[in-house]
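Numbering (my numbering), first residue to last: 22 to 519.
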């Protein structure tokens, strides 16, 4: 139960370097077998989660445990129609879309001059599956549609191969048709690169292996990236592939290649290897990733550019400095002082107190410019354990459950009006509703709701529960991430990144 409930809390996307009890998980980023680079395990165990959830929460919380997490893991309520991403009305005309070009085997530079291509920007819809965000693309000739998870924390594109023996169609147990598979035999434009081996290993001993090659990728009607580099995984237990958009240094192959963000630039479809991430609210059905552009209608305030922090002089991770955190607790509805952590709250100082460990209005919890990875492939968020302890200390009598690797917190913290303020590099504040970090896991024997804190102890990573509140522009050419406070609307004001 210990390991499995940790898996529930971490979803499918934790890092191997996460400490404090998380290293034993089978859902970790680790080095692949050739020792080059890190790769995230993106293998959601949806059926296992749903089958075992009730027993686990019953044991943890007592009788009357509810399956409140089950919908988060994809077996019901989140079926997406098969459709390609669409751009805002009129976007093709102003940004020069509907073009394509040719590439060679490991570089995506065109065999021609690319003079026919018009540099611009294009948007890909991201379906909100609660634990991940999913894009739809079509691969090959004729096109085969697949759905893949968007991941700013890794760099490879890989899809599930139709010959995967774990699929129901091949005698296995996985419903591979849920997100689609790719059969290279049926594509006249597939080119296998036999010199590149795609082989990923995981802490639980499982592997994901397959063929590396090139084929055409259609993002929407008439917008095609030709001979894009990706892997067709034929041996894995995952039902969904991964769309990694990070630095090439994180690629899992021994031979480095032009991944999708760089291929788009090399084919003159965008001016820079850059994209903007907008996940929208937690209740929204879709977010988007905008390659080569910025949508100025999706944020409020100033868009601040922050330098990405290199690791040992090399740009590998999309990480920026986190300076400090403060919490504003304004809504105590259903909270009353008591010994039980669910009903305890700290003493109020004024009507809108900012608690920062000293009950004052300035300062905050000092993160000392901790480098934090912005990772759309991780559902929840992580900070070093001592920092998480300082944060939960603001909430009164809160206890850490070593069995599940998380803090039990009062559910009232998720009330509207309670929020965190995160400051990056001493120059930009991002406000995030505390409800993003409050997960109700069921009810105890008395019927009281039980909640855990999904800002978890581990290596510093901010996942989807943070990223929904920020508009982030990842510029891999300039080694910067620009951030602003996200706003939720249907408006567009898109400008290409030059």
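Ideal placement from N, C-alpha and C gives every residue a C-beta, glycine not left out.
Distance between beta carbons of residue j and residue i, contact taken as under 8 Å
| i | j | result |
| --- | --- | --- |
| residue 409 | residue 430 | 11 Å between Cβ atoms; not a contact. |
| residue 173 | residue 398 | 7 Å |
| residue 344 | residue 388 | 6 Å |
| residue 484 | residue 391 | The pair is not a contact, with the Cβ atoms about 16 Å apart (cut-off 8 Å). |
| residue 159 | residue 239 | 4 Å |
| residue 191 | residue 165 | Contact flag wrong, Cβ pair sits at about 16 Å. |
Cut-off 6 Å between Cβ atoms - residues of its own chain near residue i, not counting five sequence neighbours on either side
| i | result |
| --- | --- |
| residue 321 | 506, 508 |
| residue 318 | 512, 513, 514 |
| residue 494 | 297, 315, 503 |
| residue 195 | 187, 188, 260 |
| residue 233 | 214, 217, 219, 252 |
| residue 304 | none |
| residue 404 | 481 |
| residue 242 | none |
| residue 500 | 329, 336 |
| residue 454 | 440 |
| residue 372 | Confidence is the limiting factor: at residue 372 the pLDDT is only 33, short of 50, which leaves the residue's position unreliable, though a coordinate-based value still follows. Around residue 372: no qualifying Cβ. |
Per DSSP, the bridge partner or partners of residue i
| i | result |
| --- | --- |
| residue 497 | The partner list for residue 497 (beta bridge, DSSP) is empty, contrary to what the question assumes. |
| residue 166 | 159 |
| residue 179 | 252, 263 |
| residue 188 | 195 |
| residue 212 | 235 |
| residue 218 | 232 |
| residue 434 | Residue 434 is not bridged to any residue. |
| residue 335 | 332 |
| residue 268 | Per DSSP, none; premise fails for residue 268. |
| residue 172 | 265 |
| residue 407 | Paired residue(s): none; residue 407 is not in a bridge. |
Span of the beta strand (DSSP E) around residue i
| i | result |
| --- | --- |
| residue 345 | 340-350 |
| residue 285 | Careful: residue 285 lies outside any beta strand (DSSP E), inside the alpha helix (DSSP H) at 281-287. |
| residue 518 | It is not in any beta strand (DSSP E) - residue 518 carries neither H nor E in the DSSP assignment. |
| residue 393 | 386-395 |
| residue 430 | 427-430 |
| residue 402 | 402-404 |
| residue 422 | 420-422 |
| residue 144 | 143-149 |
| residue 440 | 440-445 |
Own chain, CB closer than 8 Å to residue i, minus 5 neighbours either side, in chain order
| i | result |
| --- | --- |
| residue 254 | 179, 180, 181, 182, 185, 219, 229, 230, 231, 262 |
| residue 147 | 154, 155, 156, 171, 300, 307, 308, 309, 310 |
| residue 302 | 489, 509 |
| residue 402 | 458, 475, 476, 477, 482, 483, 484, 486, 487 |
| residue 341 | 327, 328, 329, 330, 392, 393, 395, 445, 446, 502, 504 |
| residue 498 | 286, 293, 294, 295 |
| residue 140 | 117, 289, 290, 291, 292, 313, 517 |
| residue 519 | 292, 293 |
| residue 334 | none |
Close-in-space but distant-in-sequence residues of the same chain around residue i (CB under 7 Å, 5 per side omitted)
| i | result |
| --- | --- |
| residue 516 | 314, 315, 317 |
| residue 448 | 325 |
| residue 338 | 332, 394 |
| residue 209 | 162 |
Please give me, in chain order, every unbroken run of the alpha helix (DSSP H) with length at least 4 that falls completely inside the region 455-487. none
Contained alpha helix (DSSP H) runs [length at least 4] in the region 287-324, N- to C-terminal order: none
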